[in-house]
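A.B. asks: Quick note: to get this note's numbering, add 147 to the position in the sequence shown (first position is 1). C-beta: ideal position from N, C-alpha, C; glycine also. Computed from a predicted structure; not experimentally measured.
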Amino acid sequence: MGKREQYVQTIEALVREEGLGALEGFLTGQSGLPGKRANLELAAAFADYFATHVDLELWNVVQAWIRISLEDAPTDSPREFLPFCAVQALGAVYSRCDPVTMGRIFSLFAAAAEDPRWRMREAVAMALQRASRLHWDDVRILFEKWVQVGTPLFYRAVAATLAEPDLLKDPDRARAALRLSEKILRRISNLPVEARRTEDYRTLVKGMSYALSVFAAALPDEGFALLEKWAVREDPDIQMIIRENLKKNRLVKTYPERVMALVPGPVG
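1. Locate the alpha helix (DSSP H) running through glutamine 156, then write down its first and last residues.
2. For the stretch 276 to 291 against the stretch 307 to 316, are there 3 or more C-beta pairs whose distance is under 8 Å?
3. For the stretch 187 to 274, list the beta strand (DSSP E) runs that are entirely contained and at least 3 residues long, ordered along the chain.
4. Out of Trp265, Tyr196, Val208, Arg163, state which residue places its alpha-carbon closest to the alpha-carbon of threonine 350.
5. How far does the alpha helix (DSSP H) with tyrosine 431 in it reach, from first residue to last?
6. Put lysine 395 into one of helix, strand or coil per three-state DSSP.
7. To which residues of the same chain is glutamine 156 closer than 7 Å at the C-beta, ignoring the five residues directly before and after it?
8. Between the alpha carbons of arginine 214 and proline 230, how many angstroms are there, rounded?
9. Based on Cα-Cα distance, which residue from Thr222, Ala236, Val208 lies nearest to phenylalanine 197?
10. For alanine 259 versus valine 234, is the C-beta distance shorter than 8 Å?
11. If we count the other Cβ atoms within 10 Å of its Cβ and call it buried at 16 or more, is leucine 398 buried or exposed?
12. Decide if the stretch 271 to 288 is in contact with the stretch 329 to 337; the criterion is three or more beta carbon pairs, one per stretch, under 8 Å apart.
13. Could you tell me the distance, in whole angstroms, from the CA atom of leucine 170 to the CA atom of leucine 275?
14. Below 8 Å CB to CB, which residues in the same chain sit around valine 352 once its five sequence neighbours on both sides are set aside?
15. Below 8 Å on the Cβ atoms is my contact criterion, and I expect alanine 239 with arginine 277 to pass it. Report the Cβ-Cβ distance as a whole number of Å.
16. Between Ser254, Val271, Pro221, Leu366, which has its C-alpha nearest aspartate 317's C-alpha?
17. Flag this pair as yes or no: are the beta carbons of valine 410 and arginine 390 separated by less than 8 Å?
And the structure:
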């Protein structure tokens, strides 16, 4: 039995013996925060537990957690772990919800995608990865909307969610990732200089600087065609994004000749 499964059993026993009120103390106490790495296995285990044990009382607990603000749960505080877990829990239960509730969950994800706390934004990507496995069409439609009328942090959420190799084993998802990423590149290229000075924009660029390499590794012919197309753009930010992706080992070690054709000189 893995650590994640052990956590699920621990949560089951805790709730059975002490009730839902004991969950908050347990999760914050085992959160790993403050620290460099939150307890990701515990967060995933709570999401697993939520998906199979959700009732009205537990649903209300998670709804309260997801609304805990930055002021009440600053970055790297143990209490930040509660909304971090709540977002992932909603991703785990998405497939069991009615259409109205599904829409409400996506609205909560939209708010969390623009949260100032970086862990909340990561939780959105994890939650949408869960939802994608059973309801890819729903997530794809959501992403089309976010790319069409979104903000840099929405674009970043799309890229971060899709930059998961396991999801991209499905060629249709991989092609959608390439198509959506090209739309994001186009959005970036159309942004004026003043819009590129924000922290949100820098977060987007950082995300795009690795995501494209994941997409290209999943569909090399189409992925390298995209990289080649955008490598000739004179936009310095676009050039940096392409250059950074071409440094990633998943491309350099597997497709060295293709990488060298796009970047003269040593890469790495």
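C.D. replies: Taking the geometry as given:
1. Here residue 156 refers to the residue found at position 9 when the sequence shown is read from its first residue. Run containing glutamine 156: 150 to 165, per the alpha helix (DSSP H) assignment.
2. The stretch 276 to 291 is in contact with the stretch 307 to 316.
3. Segments of the beta strand (DSSP E) lying fully in the stretch 187 to 274: there are none.
4. Translated into the one-based positions of the sequence shown, residue 350 becomes position 203. Per the Cα distances, Trp265.
5. Nothing in the structure corresponds to residue 431, since the chain is present only between 148 and 415.
6. Your numbering for residue 395 matches position 248 in the sequence shown. Note: lysine 395 maps to coil in three-state DSSP.
7. As a position in the sequence shown, residue 156 is number 9, starting the count at 1. There are no such residues.
8. Taking the sequence shown and counting its residues from 1, one reaches residue 214 at position 67. Taking the sequence shown and counting its residues from 1, one reaches residue 230 at position 83. Answer to the nearest angstrom: the Cα atoms are 7 Å apart.
9. For this step, residue 197 is matched to residue 50 along the sequence shown. The shortest C-alpha separation from phenylalanine 197 is found at Ala236.
10. Locating residue 259 in the sequence shown gives position 112, counting from the first residue. Locating residue 234 in the sequence shown gives position 87, counting from the first residue. Cβ distance < 8 Å, so alanine 259 and valine 234 count as in contact.
11. Numbered from 1 along the sequence shown, position 251 holds the residue referred to as residue 398. When all chains shown are included, leucine 398 counts as buried.
12. No, the stretch 271 to 288 is not in contact with the stretch 329 to 337.
13. In the sequence shown, the residue the question calls residue 170 occupies position 23. In the sequence shown, the residue the question calls residue 275 occupies position 128. The straight-line gap from Cα to Cα measures roughly 24 Å.
14. Start at 1 with the first residue of the sequence shown, and residue 352 comes out as number 205. If we look at valine 352 and ignore the five residues flanking it on each side, its Cβ neighbours are Ile335, Asp384, Met387, Ile388.
15. Working through the sequence shown from its first residue, we reach residue 239 at position 92. Working through the sequence shown from its first residue, we reach residue 277 at position 130. Rounded, the Cβ-Cβ distance is 5 Å, consistent with contact.
16. Here residue 317 is taken as the residue at index 170 of the sequence shown, counted from 1. When each option's Cα is compared against that of aspartate 317, the closest is Leu366.
17. On the sequence shown, position 263 is the one that residue 410 refers to. On the sequence shown, position 243 is the one that residue 390 refers to. Cβ atoms of valine 410 and arginine 390: closer than 8 Å.
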